[in-house]
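Just so you know, numbering that gives the first Met the number 0 puts 83 at position 84 of the sequence shown, and the rest follows in order with no gaps.
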Amino acid sequence: MTASKFTERLKLLMVSHGFTAKELGKKTGINYRTIEIWMSAKASIPRSDRAVLLAKALGVSVEYLISGEESKDILGAQLNANPKALKLAKLALRLPEDRVDDLLVMARRWENEEGRAEDTG
Numbered sequence: 000m001t002a003s004k005f006t007e008r009l010k011l012l013m014v015s016h017g018f019t020a021k022e023l024g025k026k027t028g029i030n031y032r033t034i035e036i037w038m039s040a041k042a043s044i045p046r047s048d049r050a051v052l053l054a055k056a057l058g059v060s061v062e063y064l065i066s067g068e069e070s071k072d073i074l075g076a077q078l079n080a081n082p083k084a085l086k087l088a089k090l091a092l093r094l095p096e097d098r099v100d101d102l103l104v105m106a107r108r109w110e111n112e113e114g115r116a117e118d119t120g
């Protein structure tokens, strides 16, 4: 994997989220100058701990951010990027089946309410 491909992906993801290097730095805790260096392809790909922070902020898997390949376990990657959704999924696994059904009904109701609110807003 070349740094230039990583750089291209990083820039594209930043643009799609509307992030500047400073904004992404604030969101991740990574110095914005480090992000600018990655954007200029003057450095290699980030260490794994920083790649995790970047991937979470940019809403992608670490695998995609670094390699451009998407994991077959897309749902797992999405859950890992959203700690609250992961916590909810783990909770649902411990609930009796009838309670999971109730949870699904409530979630669909909320989803429908959100959709109507967006349509009227």
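Just so it is clear, CB atoms sit at the ideal spot from N, CA and C, and this is done for glycine as well. What you are looking at is a predicted structure, and each value in this text was computed from that prediction instead of being measured.
- The DSSP-derived three-state label of residue 41 is coil.
- The Cβ atoms of residue 23 and residue 53 lie closer than 9 Å to each other.
- Residue 62 and residue 108 have their alpha carbons spaced roughly 34 Å apart.
- Around residue 35, the same chain offers 20 as residues with beta carbons nearer than 7 Å, after the five sequence neighbours per side are excluded.
- Within the segment 53-112, no run of beta strand (DSSP E) at least 3 residues long lies entirely inside it.
- By alpha-carbon distance to residue 78, the top candidate from 95, 67, 60 is 60.
- Here residue 80 has 54, 55, 58, 59, 60 as same chain residues with Cβ atoms under 8 Å from its own Cβ, once five neighbours each way along the sequence are excluded.
- For residue 18, the secondary structure class from DSSP, reduced to helix, strand or coil, is coil.
- Taking all protein chains in view, the Cβ of residue 105 is surrounded by fewer than 16 other Cβ atoms within 10 Å, so the residue is classified as exposed.
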